[in-house]
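Undergrad:
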Amino acid sequence: MLNFLSYQPINQYQSTIRKINQSYYVIKKYSNEQLKQQTEKLKLDIKDHNTNLDETLIEAFATVKAAIFRAINITLFDVQLLGGLILHKNNIAEMKTGEGKTLVALLPAYFNALYMKGVHIITVNNYLAERDAKLATTIFNYLGITVGTITEKTHYQNRKQEYWKNITYITNSELGFDYLRDNMAINQSDIMQRNLYYAIVDEVDSILIDEARTPLIISGETTISNNLYEKSKETSYKLINTIHYQVDEKARNITLTEEGVSICEKILNIENLYNLNSPWLKYIINSLKAKELFFKNKDYIVKDNKIIIVDEFTGRVMEGRRWSDGLHQSIEAKENVQIEKENKTLASITYQNLFLLYTKLCGMTGTAKTEENEFLNIYKMNVIEIPTNEKCIRKDLADLVYQSEYTKWQAIASECLDMHKIGRPTLIGTTSIEKSELLANMLDELSISYNLLNAKPENNNKEAKIISEAGKKYKITISTNMAGRGTDIILGGSEKKMTEEAIQHYIINSINNNVKNKKNTEVKQILNITEIQVLDQFINQSIKNHQNLSEITKNIYDAEYNDNLYQIYQKLKNTYKKICDQEKKDIIKLGGLYVIGTERHESRRIDNQLRGRAGRQGDKGTSRFFLSLQDNLFRIFGGNNIKKLMTNLQIDDNTAIESVILSKSLSNAQKKVEAYFYDIRKQLFEYDEVINNQRKAIYKERKSILNSSFTKDCILEYGEYTIKEMLKSYDKNRKNTLILEQILQLLNIGQYVNIAFLKDTKIKDLEQILYQQFRISYDLKETYLEQLRPGLIRQLEKYYLLQQIDKAWQEHIEKMNLLKEYIGWRSYGQQEPLIEYKNEGFHLFINMTTYIRQTVIYLIMRSRLIIDITNQ
6 MLNFLSYQPI NQYQSTIRKI NQSYYVIKKY SNEQLKQQTE KLKLDIKDHN TNLDETLIEA
66 FATVKAAIFR AINITLFDVQ LLGGLILHKN NIAEMKTGEG KTLVALLPAY FNALYMKGVH
126 IITVNNYLAE RDAKLATTIF NYLGITVGTI TEKTHYQNRK QEYWKNITYI TNSELGFDYL
186 RDNMAINQSD IMQRNLYYAI VDEVDSILID EARTPLIISG ETTISNNLYE KSKETSYKLI
246 NTIHYQVDEK ARNITLTEEG VSICEKILNI ENLYNLNSPW LKYIINSLKA KELFFKNKDY
306 IVKDNKIIIV DEFTGRVMEG RRWSDGLHQS IEAKENVQIE KENKTLASIT YQNLFLLYTK
366 LCGMTGTAKT EENEFLNIYK MNVIEIPTNE KCIRKDLADL VYQSEYTKWQ AIASECLDMH
426 KIGRPTLIGT TSIEKSELLA NMLDELSISY NLLNAKPENN NKEAKIISEA GKKYKITIST
486 NMAGRGTDII LGGSEKKMTE EAIQHYIINS INNNVKNKKN TEVKQILNIT EIQVLDQFIN
546 QSIKNHQNLS EITKNIYDAE YNDNLYQIYQ KLKNTYKKIC DQEKKDIIKL GGLYVIGTER
606 HESRRIDNQL RGRAGRQGDK GTSRFFLSLQ DNLFRIFGGN NIKKLMTNLQ IDDNTAIESV
666 ILSKSLSNAQ KKVEAYFYDI RKQLFEYDEV INNQRKAIYK ERKSILNSSF TKDCILEYGE
726 YTIKEMLKSY DKNRKNTLIL EQILQLLNIG QYVNIAFLKD TKIKDLEQIL YQQFRISYDL
786 KETYLEQLRP GLIRQLEKYY LLQQIDKAWQ EHIEKMNLLK EYIGWRSYGQ QEPLIEYKNE
846 GFHLFINMTT YIRQTVIYLI MRSRLIIDIT NQ
């Protein structure tokens with residue numbers, strides 16, 4: 006039993022973990038059938054309100070622990086049980102790399118799945134969703150729990166089925182887009198998601214912090230001339246930095262100087278660039294941003310004549326994602342690729358407000374402590390550090406700082422050469438494709454072999470293989486950011502991967518009759534003649550049955566399929582285990598995995614994620630950052646003071662310095678950046694909170710209409726509300742009979758009511774007369790349409806209601822975005838922009854709801870059914 010006494014927030018769980026283990030030793034002896042029956046038993050316990058849920062939780066966790074052991078022969082550590090309990094209590098479990106977070110998530114997921122309300126395990130990319138769902142399916146097959154998977158490849162028609170499984174693995178972006186699509190659905194049958202009940206967010210800091218600055222947007226195309234982008238690009242290249250515009254790298258913004266404004270007006274032949282009717286300002290600023298702030302092979306790549314965004318935090322390409330407000334089109338113009346149509350926002354939501362819709366929310370990551378205040382303030386989740394199963398003995402060496410970037414890269418290449426000579430595995434983390442390829446070219450010149458992993462598709466496809474091999478002797482691995490890679494770096498390599506690779510090579514070579522291949526010889530040296538005959542016979546038969554490589558391989562691993570084949574697999578695996586274990590011992594003597602950082606990131610968490618790749622499960626390891634004064638963090642956030650220090654100390658370009666003062670300066674710079682971005686996210690959250698409350702109201706109204714089979718009451722309510730609102734205006738100015746005419750025209754009842762009579766009627770009586778006349782008129786319309794086609798009036802009602810809500814909401818989003826863009830100027834008039842935004846946003850919302858009601862009534866009261874007699 007691990008001693009938690011030194012960890013005050015978690016020592017309260019000791020007795021619970023002891024009870025889980027006691028229950029596990031009992032359940033472990035169950036037959037497969039008895040184990041599966043546990044699920045139904047526990048469901049009944051939860052339904053029974055007299056049952057102690059703490060006892061049910063203990064038994065559920067023990068049941069999952071038994072299923073994991075039975076499925077994959079792994080016994081959960083106590084710290085993993087602890088992680089599961091922390092997640093169950095709606096907290097964030099901070100667990101270091103290699104501590105088995107994937108399995109930890111299964112514990113609370115199973116218990117909450119027993120409530121039959123749906124559990125979502127949210128991951129940062131398709132690969133992790135598919136991989137983790139596959140593992141979960143293997144385990145939960147023993148418990149009768151269904152597991153779904155949703156990635157961008159999941160077909161629209163299959164999504165509902167996947168959402169209605171007990172546990173669903175899904176990427177964060179697909180979850181958000183499906184939520185927005187559901188709230189744009191025209192038919193009830195099109196809704197995919199259930200109510201959002203329980204979510205476990207993997208890499209929670211990446212999703213809820215890093216991606217929280219960018220809202221999810223569903224867009225529709227608008228028509229804007231490409232000439233605007235081309236002309237803006239030409240103009241931007243005639244402008245000179247610092248003379249015609251100022252670049253704020255910190256805020257990633259551009260400001261035109263007076264001289265810059267004059268030149269733009271002259272080039273574009275316009276009088277005033279800031280005229281409200283002039284479209285040019287937005288396009289000029291975007292072109293300048295594309296020129297100065299967004300770089301090829303760093304922020305984006307060009308693939309198949311398209312601009313594809315590279316995620317700055319994970320180094321992955323983000324297929325299908327586009328920058329909004331015309332920025333993407335400006336970058337397309339810059340790179341001379343086809344300019345796609347600009348998008349109009351149809352629906353949007355921020356990740357903050359999306360995840361706050363869940364009844365229960367928790368998360369896990371290796372690095373969240375630096376942002377614990379934000380998690381607590383916005384998401385009401387505590388960050389709790391889980392102790393490692395084995396003590397971390399990694400050495401984090403002091404940073405080495407060079408004057409020039411060129412000298413830094415030379416030093417890194419030289420360090421790689423030294424490590425390669427002694428055979429020590431080395432992982433180099435870079436911040437962009439460009440930098441990773443620069444180092445790769447330098448290593449080529451030194452004749453050092455390496456694996457390269459960056460956002461380019463040809464490298465990304467080999468991701469799991471590259472990372473799994475990164476812990477082997479003589480392996481040099483260059484990778485862009487390591488966040489959410491999801492594959493452990495195992496010292497000496499993975500015997501499982503090596504076995505699978507050897508078997509697959511053997512099968513391929515058997516198919517191609519390439520029997521003298523090195524891998525074939527390797528397998529034949531391990532197996533005896535009888536075993537080789539069994540394997541060859543099976544492969545030949547499988548080929549005759551037209552089975553593909555993955556099917557043949559899977560059957561060899563599957564003990565239930567053929568025990569003899571499984572024994573052969575185990576023999577190969579045991580042999581490769583000895584090889585891996587010996588190699589691991591050799592690597593540990595060399596000091597374990599060596600992690601090199603090539604630049605400090607804006608966030609300490611990203612640096613910690615890279616460091617965390619070394620020192621897994623008590624292994625030896627070392628990390629060190631090689632920096633230069635030309636790195637972005639130094640350059641943008643106070644590198645001048647450090648440069649003065651190095652100049653005063655007369656340190657030459659080739660000499661690196663280690664200094665406590667430098668380290669503190671860097672940490673302070675990172676803290677400033679983190680605080681700066683936290684303020685941005687907080688502001689985004691506060692502003693989005695205004696539209697979020699409006700979104701909730703609109704979506705609630707929309708959902709009730711969609712689910713209703715009788716919408717007449719809604720139409721009557723809209724009509725009476727409209728009459729009441731318009732009569733209020735009339736009561737203020739009784740002489741303005743135009744309002745009365747508008748009411749009659751809107752309700753289409755002018756032919757039934759004498760306006761001269763209405764003028765002399767009291768407001769309360771007038772209200773009742775109009776209510777009554779509206780109802781009579783509507784009943785007549787309903788009778789008429791029902792005779793022509795039964796059920797038509799209900800269809801029309803629902804169609805007009807949903808159509809006008811969607812149309813008005815889209816226009817409202819556009820107005821709110823414009824308002825948010827310009828509201829900041831109010832601060833110059835001593836007004837608080839957020840309060841002004843709330844007030845004006847409220848008035849816009851009231852106007853929108855009024856518009857919806859009036860338009861729906863107008864349309865439905867004028868609806869006619871035209872019958873085509875030629876088709877009768």
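Residue 417 in the working numbering is what sits at position 412 of the sequence shown, and the numbering runs on without skipping anything. Glycine is no exception: its CB is placed at the ideal position from the N, C-alpha and C atoms.
#1: How long is the line joining the alpha carbons of residue 431 and residue 368, rounded to whole angstroms?
#2: Looking only at its chain, what residues have a beta carbon closer than 7 angstroms to the beta carbon of residue 659, apart from the 5 residues adjacent to it on each side?
#3: Please give me, in chain order, every unbroken run of the beta strand (DSSP E) with length at least 3 that falls completely inside the region 597-632.
#4: Taking residue 424 as part of the alpha helix (DSSP H), name the residues at either end of that continuous run.
#5: Quick check on residue 328: buried or exposed, where buried means 16 or more other Cβ atoms within 10 Å of its Cβ?
#6: How many whole angstroms separate the CB atoms of residue 336 and residue 299, which I take to be in contact at a CB cut-off of 8 angstroms?
#7: Between residue 120 and residue 532, what straight-line distance do the alpha-carbon atoms span, to the nearest angstrom?
#8: Out of curiosity, what's the CA-to-CA distance linking residue 165 and residue 107?
#9: Kindly list the residues whose CB is nearer than 6 angstroms to the CB of residue 489, restricted to its own chain and excluding five residues on each side of it in sequence; keep chain order.
#10: Which residues in the same chain as residue 868 place their Cβ atom closer than 6 angstroms to its Cβ, once the five residues preceding and following it in sequence are excluded?
#11: Write down every uninterrupted run of the alpha helix (DSSP H) in the region 24-105 whose length is 4 residues or greater and which is fully enclosed by it, in chain order.
#12: Evaluate the contact criterion for the region 745-756 versus the region 777-788: three or more CB pairs, one atom per stretch, below 8 angstroms.
#13: What are the partner residues of residue 153, as DSSP defines its beta bridges?
#14: Just to confirm before moving on: does the CB-CB distance between residue 142 and residue 170 stay below 8 angstroms?
#15: Which term fits residue 475, buried or exposed, when burial requires 16 or more other beta carbons within 10 angstroms of its beta carbon?
#16: Which of helix, strand or coil does DSSP assign to residue 323?
#17: Given this structure, state the Cα-to-Cα distance separating residue 609 from residue 672, to the nearest angstrom.
#18: Please state whether DSSP places residue 207 in a helix, a strand or coil.
#19: May I have a chain-ordered list of the beta strand (DSSP E) segments no shorter than 3 residues that lie completely inside the region 819-854?
#20: Go ahead and label residue 93 buried or exposed: buried means 16 or more other beta carbons lie within 10 angstroms of its beta carbon, across all protein chains shown.
#21: Specify the secondary structure class of residue 400 as computed by DSSP and reduced to three states.
#22: By DSSP's criteria, residue 434 is part of a beta bridge. Which residues make up the other side?
#23: Can you pull the DSSP bridge partners for residue 390?
#24: Can you tell me where the beta strand (DSSP E) with residue 369 in it begins and where it stops?
#25: Look up residue 353 in the DSSP assignment and give the residues it is bridged to.
#26: Can you check DSSP and say which residues form a bridge with residue 510?
#27: I'd like the list of long-range same chain contacts for residue 773, defined as Cβ closer than 7 angstroms, with 5 residues on each side in sequence excluded.
#28: Around the C-beta of residue 628, are 16 or more other C-beta atoms found within 10 angstroms, so that it is buried, or is it exposed?
#29: Return the CA-CA distance between residue 458 and residue 326, expressed in angstroms with no decimal places.
#30: Rounded to whole angstroms, how far is the Cβ of residue 249 from the Cβ of residue 264, which I believe are closer than 8 angstroms?
#31: Would you identify the three-state DSSP class for residue 573, choosing helix, strand or coil?
#32: Give a yes or no on whether the C-beta atoms belonging to residue 117 and residue 124 are separated by under 8 angstroms.
#33: The alpha helix (DSSP H) with residue 165 in it runs from where to where?
#34: One question on the structure: do residue 278 and residue 244 come within less than 8 angstroms of each other, judged by their Cβ atoms?
#35: Does DSSP put residue 382 in a helix, a strand or coil?
#36: Going by DSSP, which residues form a beta bridge with residue 3?
TA: This is what the structure holds:
#1: Here residue 431 refers to the residue found at position 426 of the sequence shown. Here residue 368 refers to the residue found at position 363 of the sequence shown. Answer to the nearest angstrom: the Cα atoms are 30 angstroms apart.
#2: Mapped onto the sequence shown, residue 659 falls at position 654. Sequence-distant Cβ neighbours of residue 659 in its own chain, meaning closer than 7 angstroms and more than five residues away, are 412.
#3: If one requires a minimum length of 3 residues, the beta strand (DSSP E) runs lying completely within the region 597-632 are 598-602, in chain order.
#4: Reading the sequence shown from its first residue, position 419 is the one you call residue 424. Unbroken alpha helix (DSSP H) run through residue 424: 410-427.
#5: Within the sequence shown, numbered from 1, the residue matching residue 328 stands at position 323. Residue burial annotation: residue 328 is buried, with at least 16 other C-beta atoms found within 10 angstroms of its C-beta.
#6: Reading the sequence shown from its first residue, position 331 is the one you call residue 336. Reading the sequence shown from its first residue, position 294 is the one you call residue 299. With 8 angstroms as the limit, residue 336 and residue 299 qualify as a contact, their Cβ atoms being about 6 angstroms apart.
#7: By 1-based counting over the sequence shown, the position of residue 120 is 115. By 1-based counting over the sequence shown, the position of residue 532 is 527. When rounded, the distance between both Cα atoms is 49 angstroms.
#8: As a first step, residue 165 must be located in the sequence shown, where it is residue number 160. As a first step, residue 107 must be located in the sequence shown, where it is residue number 102. So the two alpha carbons sit approximately 24 angstroms from each other.
#9: As a working mapping, residue 489 is identified with position 484 in the sequence shown. Any reading at residue 489 must be qualified, since the residue scores a pLDDT of 47, below 50, and its modelled position is unreliable; the value itself is stated next. In its chain, beyond the 5 residues on either side, 129, 208, 211 and 319 have a beta carbon closer than 6 angstroms to the beta carbon of residue 489.
#10: What you label residue 868 is simply residue 863 of the sequence shown in a count that begins at 1. Excluding positions up to five away in sequence, the list reads 801.
#11: The qualifying runs are 37-52, 58-77 and 83-93.
#12: In short, these stretches touch, since the Cβ pair count reaches three.
#13: Stepping through the sequence shown from its first residue, residue 153 is reached at position 148. Residue 153 pairs with 173.
#14: By 1-based counting over the sequence shown, the position of residue 142 is 137. By 1-based counting over the sequence shown, the position of residue 170 is 165. Result no, Cβ atoms of residue 142 and residue 170 do not sit closer than 8 angstroms.
#15: The count along the sequence shown starts at 1 and reaches residue 475 at position 470. Under this definition residue 475 is a buried residue.
#16: Looking up residue 323 in the sequence shown gives position 318. Looking at residue 323 - three-state DSSP - the assignment turns out to be strand.
#17: Translated into the one-based positions of the sequence shown, residue 609 becomes position 604. Translated into the one-based positions of the sequence shown, residue 672 becomes position 667. Cα atoms of residue 609 and residue 672: separation of roughly 8 angstroms, rounded to the nearest angstrom.
#18: Within the sequence shown, the letter at position 202 stands for residue 207. Residue 207 sits in a strand when the DSSP states are folded into three classes.
#19: Complete beta strand (DSSP E) runs here, min 3: none at all.
#20: In the sequence shown, counting from the first residue as 1, residue 93 sits at position 88. With 16 or more other CB atoms across the displayed protein chains lying within 10 angstroms of its CB, residue 93 is buried.
#21: For the purposes of this step, residue 400 is identified with residue 395 of the sequence shown, where counting begins at 1. Under the three-state reduction of DSSP, residue 400 is assigned to strand.
#22: One-based indexing of the sequence shown puts residue 434 at position 429. The partner list for residue 434 (beta bridge, DSSP) reads 484 and 602.
#23: Against the sequence shown, residue 390 aligns to sequence position 385. 99, per the DSSP bridge assignment.
#24: For the purposes of this step, residue 369 is taken as residue 364 along the sequence shown, with counting starting at 1. Run containing residue 369: 365-370, per the beta strand (DSSP E) assignment.
#25: Here residue 353 corresponds to residue number 348 of the sequence shown, with the count starting at 1. BP columns for residue 353 point to 222.
#26: Locating residue 510 in the sequence shown gives position 505, where the first residue counts as 1. Beta-bridge pairing by DSSP links residue 510 to no other residue.
#27: As a working note, residue 773 is residue 768 in the sequence shown. None.
#28: Position 623 of the sequence shown holds residue 628. It counts as buried.
#29: Residue 458 sits at position 453 when you count from the first residue of the sequence shown. Residue 326 sits at position 321 when you count from the first residue of the sequence shown. C-alpha separation (whole angstroms): 21 angstroms.
#30: Here residue 249 is taken as the residue at index 244 of the sequence shown, counted from 1. Here residue 264 is taken as the residue at index 259 of the sequence shown, counted from 1. Right, the Cβ-Cβ distance comes to about 6 angstroms (below 8 angstroms), so this counts as a contact.
#31: Taking the sequence shown and counting its residues from 1, one reaches residue 573 at position 568. Here residue 573 carries a helix assignment [DSSP, helix/strand/coil].
#32: Sequence index remark: in the sequence shown, residue 117 carries index 112 (1-based). Sequence index remark: in the sequence shown, residue 124 carries index 119 (1-based). Residue 124 is positioned such that its CB atom lies closer than 8 angstroms to that of residue 117.
#33: The residue you call residue 165 lines up with position 160 of the sequence shown. Annotation: the continuous alpha helix (DSSP H) that includes residue 165 extends over 161-168.
#34: On the sequence shown, position 273 is the one that residue 278 refers to. On the sequence shown, position 239 is the one that residue 244 refers to. Not a contact, by the Cβ cut-off of 8 angstroms.
#35: Numbered from its first residue, the sequence shown carries residue 382 at position 377. Residue 382: helix per DSSP, three-state reduction.
#36: With the chain represented from 6 up to 877, any question about residue 3 goes unanswered, as that position is not in the structure.
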